[in-house]
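Asks: Here you go, one structure.
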Amino acid sequence: MSVAVQFSTIPEMFDRITTHFANSSRPFLLAKKDGAYKPIGYKEVRRKMELTAFGLASLGVSRGDMVSIIAENRPEWLYCDHAIAALGAISVPIYPTMTAKQNEYIFNDAGVKTVIVSNQFQLNKVMKSLESVPSLEHIIIMNENSGSQDVMQFSKLLVLGEEFEKKNPNLLSDARARIKPDDLLTLIYTSGTTGNPKGVMLTHSNLVSNIIDASTCIRIEENDVLLSFLPLSHSFERMAGNYTATACGATIAYAESIETVQNNLVEVRPTIVTTVPRLFERMHSRIMKQVDAAPPKRQKLFFWAIKMGQQVAAARKKKEFAPILKLKHAIADKLVLRKIRERLGGRMKFMVSGGAALPREFGEFFEAVGIIIIEGYGLTETSPVISANRLDDYRFGSVGKPIPHAEVKIASDGEILARGPNIMKGYWNLPQMTAEVIDDEGWFHTGDIGEIDSDGYLRITDRKKHLFVSSGGKNIAPQPIENLFLSSKFIEQFVLIGDKRMFCTALIVPDFEILKSYAAENNISFKDEADLVKHPIIAQMLEKDIEQIQKDLANFERVRKFIILEKPFTIDSGELTPTQKIKRKVVEEKYADVIEGMYRGIN
1313 MSVAVQFSTI PEMFDRITTH FANSSRPFLL AKKDGAYKPI GYKEVRRKME
1363 LTAFGLASLG VSRGDMVSII AENRPEWLYC DHAIAALGAI SVPIYPTMTA
1413 KQNEYIFNDA GVKTVIVSNQ FQLNKVMKSL ESVPSLEHII IMNENSGSQD
1463 VMQFSKLLVL GEEFEKKNPN LLSDARARIK PDDLLTLIYT SGTTGNPKGV
1513 MLTHSNLVSN IIDASTCIRI EENDVLLSFL PLSHSFERMA GNYTATACGA
1563 TIAYAESIET VQNNLVEVRP TIVTTVPRLF ERMHSRIMKQ VDAAPPKRQK
1613 LFFWAIKMGQ QVAAARKKKE FAPILKLKHA IADKLVLRKI RERLGGRMKF
1663 MVSGGAALPR EFGEFFEAVG IIIIEGYGLT ETSPVISANR LDDYRFGSVG
1713 KPIPHAEVKI ASDGEILARG PNIMKGYWNL PQMTAEVIDD EGWFHTGDIG
1763 EIDSDGYLRI TDRKKHLFVS SGGKNIAPQP IENLFLSSKF IEQFVLIGDK
1813 RMFCTALIVP DFEILKSYAA ENNISFKDEA DLVKHPIIAQ MLEKDIEQIQ
1863 KDLANFERVR KFIILEKPFT IDSGELTPTQ KIKRKVVEEK YADVIEGMYR
1913 GIN
């Protein structure tokens, strides 16, 4: 099925879905409390949302007001999001990983009046900005751990809401009735890799069209359980892991944190997970590390089982299933493949990957295991989905075909253009920049380079602004090359250098856990990680690995020299965006001397 109810705005969706499933025994949410996952039913979620909305109204929050949420994924995030929408106010979600200065910029740019934070850590960042944000009137904290008089406890907000409801019983229904599809729902600030973030204006109609159209491609059923761990402040998780799951009547389970995802998968046993390629890279790396440490017979069994999985996947596509293959696969599944699936809870129907390109080998590996990864494509500006693979129509290496009502074409310079009801209203307070990306015919210029093959599948080559031109005049797309090297079990992060250069070089962050295991197996002594990456045997090993990986690349695409870094790129150091994308410009500036050293012949 697709959506369970009909709706034209987000508050209408929430109202109808909570009414439709009011007496359902299935939980709306699952959240960890006192060491175990507890169910929260539709009636309770609706009531908490209503009290939150009335509480905000008692503070003066009304139609058109800007309200920020700075919190990790948790039930209160959902209550607040829907409460803000129900009042006709505009939500301004902010990544919990952002700094006080970044928060301050967004508060002032959007004119935020109320901020809702999760804990003391987030509150401390907001308090630093109090004197610099004149629009800020109220601060609310979800956790019960603030003694500041300037801050209201979330529990107190609910009490205020109950009192305010008695005096204004029709306020919420009246406010909801005034909301129109073209009204602004949310202002999502892009975590751009350069410059200040831009506020993307998304209407109810933008999100509703994307929910309905995406749900026809990525099938979510009423009995599904979706594990939510990507930040809800990100448009992909908000649309797919929140709104679409809700509209389809599925149960949403919140992971405790990124670090606990592996345990939470086993506890929740989800049927669907929305995630980014980094999770698959880590899972694959862990599995292969265990295989490498296993006795030869077990290694042979593992690779035989994967081969059987690959053959079955190919047979299904051709619809030619030999009985002997079915028997061999059943044995492989019982001995190996099922055990891998059990690490993901054992009930996984499929996983959705977005946010960055999924290397083909990971898609093929998990397909062999028995889990299909559905890769899609989109941007915050497109609400966010433009295209997606389908369970019965997918092709690894592509981001699928356009979703219904989304038009896609390739410009003369290779840029992907999109048009449809999901395209943003524009950038907040930036009419000129809006005009630069949305042309007179309504085509949104994505900034991505791609192609549409003869079967209609869209493939992404790279970001337009990331394309290199070597000093020899060769065009180089770094992203697919970087993804190729990330398939190495020894490489955690990889940045290709080569724009306006004679040849390509690279900055490499190794997988230190695997590197240390390699050092132990080869009797390589070292004091610390900085000492380890400088060891000549490590450099030789990695060089050999790189040569093997890049053997099929064109000469001008090959890495001639590289430096192994002793620290990973992180959000805190400013080298990664909140969605884990590398800020290429920041990295190149920070390691400018190291890069120049490689081109001076110093390695």
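The sequence shown maps to residues 1313 to 1915 in this note's numbering. The beta carbon of each residue, even a glycine, is placed where N, CA and C say it ideally should be. What you are looking at is a predicted structure, and each value in this text was computed from that prediction instead of being measured.
Can you tell me which of the three DSSP states Leu1371 falls into?
Replies: If DSSP states are grouped into helix, strand and coil, Leu1371 belongs with coil.
Asks: Less than 8 Å between the C-beta atoms of Thr1409 and Ile1883, yes or no?
Replies: In this structure, Ile1883 lies closer than 8 Å to Thr1409 by Cβ.
Asks: I need the boundaries of the beta strand (DSSP E) containing Met1513, first residue and last residue.
Replies: Here the beta strand (DSSP E) through Met1513 covers 1511-1515.
Asks: Can you check which of these residues, Val1845, Leu1808, Trp1616, is closest to Asp1825 by C-alpha distance?
Replies: Looking at the sequence itself, residue 1825 is Glu, so the reference to Asp does not match. Minimum Cα distance to Glu1825 is reached at Val1845.
Asks: Terminal residues of the continuous alpha helix (DSSP H) containing Ile1943?
Replies: Absent from the model: residue 1943. The displayed extent of the chain is 1313 to 1915, so no value can be given.
Asks: Which residue spans inside the stretch 1380-1419 form an unbroken beta strand (DSSP E) run of at least 3?
Replies: 1402-1405, all fully within the stretch 1380-1419.
Asks: From Asn1915 to Ile1875, what distance separates their C-alpha atoms?
Replies: Summary for Asn1915: the model assigns pLDDT 40, below 50, so the residue's position carries little reliability, and this model does not support an answer.
Asks: So, with DSSP's three-state summary, where would you put Arg1707?
Replies: Correct three-state label for Arg1707: coil.
Asks: To the nearest angstrom, how far is the alpha carbon of Glu1748 from that of Thr1556?
Replies: Roughly 30 Å between the two C-alpha positions.
Asks: Does the distance from the C-beta atom of Gly1553 to that of Thr1515 stay below 8 Å?
Replies: Taking 8 Å as the Cβ cut-off, Gly1553 and Thr1515 do not qualify as a contacting pair.
Asks: Go through its chain and collect everything with a Cβ distance to Lys1344's Cβ below 6 Å, but skip five positions before and after it.
Replies: Closer than 6 Å at Cβ, skipping near neighbours: Glu1568.
Asks: Once the 5 residues before and after Gly1658 are set aside, which same chain residues still bring their CB inside 7 Å of it?
Replies: Cβ within range, chain order: Arg1581.
Asks: What do you get for Thr1746, buried or exposed, if any count of 16 or more other CB atoms within 10 angstroms of its CB means buried?
Replies: When all chains shown are included, Thr1746 counts as buried.
Asks: Determine the extent of the alpha helix (DSSP H) in which Ile1907 is found, giving its start and end residues.
Replies: It spans 1904-1911 - the alpha helix (DSSP H) in which Ile1907 sits, taken as one unbroken run.
Asks: Under the DSSP definition of a beta bridge, which residues are partnered with Gly1738?
Replies: DSSP, once it has assigned bridges, lists Met1513 as partnering Gly1738.
Asks: Determine the closest residue to Ile1381 out of Gln1414, Ser1430, Glu1416, with distance taken between C-alpha atoms.
Replies: Comparing Cα-Cα distances from Ile1381 to each of Gln1414, Ser1430, Glu1416, the minimum goes to Ser1430.
Asks: For Met1551, collect the residues of the same chain with a Cβ closer than 8 Å to its Cβ; drop the 5 residues on either side in sequence, then sort them by chain order.
Replies: Hits under 8 Å: Leu1519, Asn1522, Ile1523, Ala1526, Ser1695, Pro1696, Val1697.
Asks: What residues match up with Lys1344 in a beta bridge as DSSP calls it?
Replies: Looking at the DSSP assignment, Lys1344 forms a beta bridge with Tyr1349.
Asks: Please go through the stretch 1570-1653 and give each complete alpha helix (DSSP H) segment of 4 or more residues, from N-terminal end onward.
Replies: List check, alpha helix (DSSP H) in window: 1573-1580, 1589-1605, 1608-1630, 1635-1644.
Asks: For chain B, check one thing: does any of its Cβ atoms lie closer than 8 Å to the Cβ of Ile1381?
Replies: In the displayed structure, chain B is absent; only one protein chain is listed.
Asks: With a floor of 4 residues, list each alpha helix (DSSP H) that falls wholly inside the stretch 1750-1804, ordered by position along the chain.
Replies: Entirely contained in the stretch 1750-1804, the alpha helix (DSSP H) runs reaching 4 residues are, in chain order, 1790-1797.
Asks: Just reading off the beta strand (DSSP E) that Ser1540 is part of, what are its end residues?
Replies: Per DSSP, Ser1540 belongs to the beta strand (DSSP E) from 1537-1540.
Asks: So the beta strand (DSSP E) Gly1690 belongs to, where does it begin and stop?
Replies: Gly1690 -> beta strand (DSSP E) spans 1684-1690.
Asks: Given a cut-off of 8 Å on the beta-carbon distance, is the pair Val1681 and Leu1649 in contact?
Replies: Contact flag set, yes.
Asks: Comparing alpha-carbon positions, which option in Asn1575, Leu1670, Leu1703, Ala1605 lies nearest Phe1662?
Replies: Of Asn1575, Leu1670, Leu1703, Ala1605, the residue nearest in Cα terms is Leu1703.
Asks: Can you list, in chain order, the residues of its chain whose CB lies under 6 Å from that of Asn1701, leaving out five sequence neighbours each side?
Replies: Taken in chain order, the residues that qualify are Ile1686, Glu1687, Gly1712.
Asks: What are the boundary residues of the beta strand (DSSP E) that Ser1699 is part of?
Replies: Start and end: 1697-1700.
Asks: For the structure I just gave you, are there three or more beta carbon pairs, one from the stretch 1616-1626 and one from the stretch 1664-1675, closer than 8 Å?
Replies: Verdict: no, contact absent.
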